[in-house]
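K.L.:
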Amino acid sequence: MQVFINDKSFECAPGTTLHEVLAANAIPTGNIAIAVDFNVIPRPDWGKTVLQDGSKIIVIKAVQGG
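Numbering of the sequence shown is given in this note's numbering, commencing with residue 11 and proceeding in unit increments.
#1: By how many angstroms is the C-alpha of D17 removed from the C-alpha of I44?
#2: Are the Cβ atoms of V31 and F20 separated by less than 8 Å?
#3: Can you tell which of H29, C22, A23 has the C-alpha that lies nearest to the C-alpha of P54?
#4: Pull up the distance between the alpha-carbon of S65 and that of A23, whole angstroms please.
#5: Just to confirm the assignment, what range does the alpha helix (DSSP H) spanning A33 have?
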């Protein structure tokens, strides 16, 4: 199936979790927030959030500044 990470296409097997997709794409998981289909997913749920074909994943990186 096909999912999108920040608008880039990624192929994965049915039943793949959000955590598995992040690991497969070597996305660092520190200081980020994740939304799937415009719903923020709490970090403890990443491993049990099963993606669907066409899911849109948005990775938001926290930055400091002032």
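A virtual CB, placed ideally from N, CA and C, is assigned to each residue, including glycine. Since we're looking at a predicted model, the values are computed, not measured.
P.N.:
Result, derived from the coordinates:
#1: 14 Å
#2: yes
#3: H29
#4: Near 13 Å, if we compare the C-alpha coordinates of A23 and S65.
#5: 28-34
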